Amino acid sequence: RTAPGSRRMPHFARASLEVTLPERGIEYAHMPELGGLRKPRPDSVNTAWRNDSFRGYADYMHTDDFWRAIDRLRALAAAKTTAIMCAEAVPWRCHRSLIADALTVQAVEVRHITGKGEPAAHRLTQFAFVVDGRITYPGTDTLPL
Numbered sequence: 659r660t661a662p663g664s665r666r667m668p669h670f671a672r673a674s675l676e677v678t679l680p681e682r683g684i685e686y687a688h689m690p691e692l693g694g695l696r697k698p699r700p701d702s703v704n705t706a707w708r709n710d711s712f713r714g715y716a717d718y719m720h721t722d723d724f725w726r727a728i729d730r731l732r733a734l735a736a737a738k739t740t741a742i743m744c745a746e747a748v749p750w751r752c753h754r755s756l757i758a759d760a761l762t763v764q765a766v767e768v769r770h771i772t773g774k775g776e777p778a779a780h781r782l783t784q785f786a787f788v789v790d791g792r793i794t795y796p797g798t799d800t801l802p803l
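Each residue of the sequence shown is one higher than the one before, counting from 659 in my numbering.
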């Protein structure tokens, strides 16, 4: 998360997680470079996202900073079971779904934990367009020919 604090659920704030997770044998790593709150570019090609926050994050996915962070996350996941979290409970309302798209196109298995049931396998966003491992979410007016 970009801003890992929570007044509503303080047990999910960074300060709390940094203490309670290691007490349970779980490592915590804050990765603000994968956090949300990204602004869309005026020339965004990701016009299938109607929500500015999702479009802004999709635009951020076209940066070297994003892909370096994905590489770091992949390295962590290769070494041990890894989870990413955000304030949103369900991935389809959160930029985690875009991170999951980026991992999925790189053949990384992503499963969403949304409750007490079995984690669900991630499915690539329906309107994602993938070329050479990079993703865009073009609207119908900007689809590549």
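C-beta atoms are modelled at their ideal positions from N, C-alpha and C, and glycine is treated no differently. What you are looking at is a predicted structure, and each value in this text was computed from that prediction instead of being measured.
TODO: Please state whether DSSP places ARG762 in a helix, a strand or coil.
DONE: Checking the sequence shown, residue 762 turns out to be Thr, not Arg. DSSP places THR762 in the helix class (H, G or I) of the three-state scheme.
Task: Cutoff 6 angstroms; reference PRO698; Cβ partners in own chain excluding five residues on either side - done: Scanning its chain for C-beta atoms nearer than 6 angstroms, with the 5 sequence neighbours on each side dropped, one finds around PRO698 the residues ASP710, ARG713, GLY714 and ASP717, in chain order.
Open item on the list: What ranges does the alpha helix (DSSP H) occupy inside the stretch 706 to 733, keeping only unbroken runs of at least 4 residues that lie completely in it?
Closed with: Qualifying alpha helix (DSSP H) stretches, in chain order: 710 to 718.
- [ ] Count the other CB atoms, across all protein chains shown, that sit within 10 Å of the CB of GLY775; report buried if there are 16 or more and exposed otherwise.
- [x] Residue burial is scored here from C-beta neighbours: GLY775 has fewer than 16 other C-beta atoms within 10 angstroms and is therefore classed as exposed.
Open item on the list: Give me, in chain order, the residues of the same chain whose beta-carbon lies closer than 8 angstroms to that of ALA687; leave out the 5 immediate sequence neighbours on both sides.
Closed with: Apart from sequence neighbours up to five positions away, the residues of its chain that approach ALA687 with a beta-carbon distance below 8 angstroms are LEU734, ordered along the chain.
- [ ] Measuring alpha carbon to alpha carbon, tell me which of CYS744, THR762 and THR794 ends up nearest MET689.
- [x] Here the closest residue by C-alpha is CYS744.
TODO: Name, in chain order, the residues that DSSP records as bridge partners for ILE742.
DONE: Looking at the DSSP output, ILE742 shares a beta bridge with no other residue.
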